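Going by UniProt numbering, the first residue of the sequence shown is number 1, and it counts up by one from there.
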Amino acid sequence: MTPGSAPGYHALTQGYLVGEVVRRITGKSLGTVFRQEIAEPLGADFHIGLPASEDARVADLIPPPPGAGIADGEQSELVANMSRNPGIDPVATRTRAWRGAEIPAAGVRAMPARWLRSMSCWPMAASPRASASSPRPAAARPWNCRWREPT
Numbered sequence: 001m002t003p004g005s006a007p008g009y010h011a012l013t014q015g016y017l018v019g020e021v022v023r024r025i026t027g028k029s030l031g032t033v034f035r036q037e038i039a040e041p042l043g044a045d046f047h048i049g050l051p052a053s054e055d056a057r058v059a060d061l062i063p064p065p066p067g068a069g070i071a072d073g074e075q076s077e078l079v080a081n082m083s084r085n086p087g088i089d090p091v092a093t094r095t096r097a098w099r100g101a102e103i104p105a106a107g108v109r110a111m112p113a114r115w116l117r118s119m120s121c122w123p124m125a126a127s128p129r130a131s132a133s134s135p136r137p138a139a140a141r142p143w144n145c146r147w148r149e150p151t
């Protein structure tokens with residue numbers, strides 16, 4: 001493929017690009033800025049780069065069984081290429097190196113209710129913000145969730 005001839009999506013590198021802008025402006029990593037400026041003031045248990053002291057609290061990523069994710073043919077080729085580029089090895093996510101790495105696009109660790117608290121400061125499509133006690137119905141979410149719901 002010739003550069004510039006087709007669209008591309010690089011899910012894991014987008015966070016690094018934003019992180020570099022933050023680092024050049026503040027002199028701090030994105031994980032440090034997020035922790036100091038957003039998570040700590042909100043009391044949110046949210047980490048971009050998990051401290052080793054928190055490892056025991058992390059659940060291992062378990063991949064879905066074959067056929068439990070997005071079914072073949074349910075997404076366009078562009079979306080398929082985007083979501084599988086690159087794939088993430090679940091075994092790698094269990095290492096100290098992975099958990100401690102500040103990978104803004106894929107390395108966030110948070111308790112669900114605390115994650116919602118940290119995200120409550122970001123506007124979401126001019127609709128009411130989600131909260132742990134009153135999540136928005138699926139129809140009101142500003143993203144397209146393509147994973148199958150359990151039946």
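No residue lacks a Cβ here, since even glycine has one placed at the ideal position from N, Cα and C.
Keep in mind it's a predicted model, so treat the numbers as computed, not measured.
{"query": "When the Cβ atoms of the segment 87–97 are set against those of the segment 29–48, are three or more pairs found closer than 8 Å?", "result": "no"}
{"query": "Run through DSSP, which three-state label would THR13 get?", "result": "helix"}
{"query": "Return the chain-ordered list of same chain residues with a C-beta closer than 6 Å to the C-beta of GLY19, the five sequence neighbours on each side being excluded.", "result": "LEU30, PRO104"}
{"query": "Quick one: what does DSSP say ALA125 is sitting in, helix, strand or coil?", "result": "Caution is warranted here: a pLDDT of 44 is assigned to ALA125, below 50, making its placement in the model unreliable, and the coordinate value is therefore given only provisionally. Coil at ALA125, not helix or strand."}
{"query": "Tell me which residues share the same chain as ASP55 and place their Cβ nearer than 8 Å to its Cβ, disregarding the 5 neighbours each side in the sequence.", "result": "ARG96, ARG99"}
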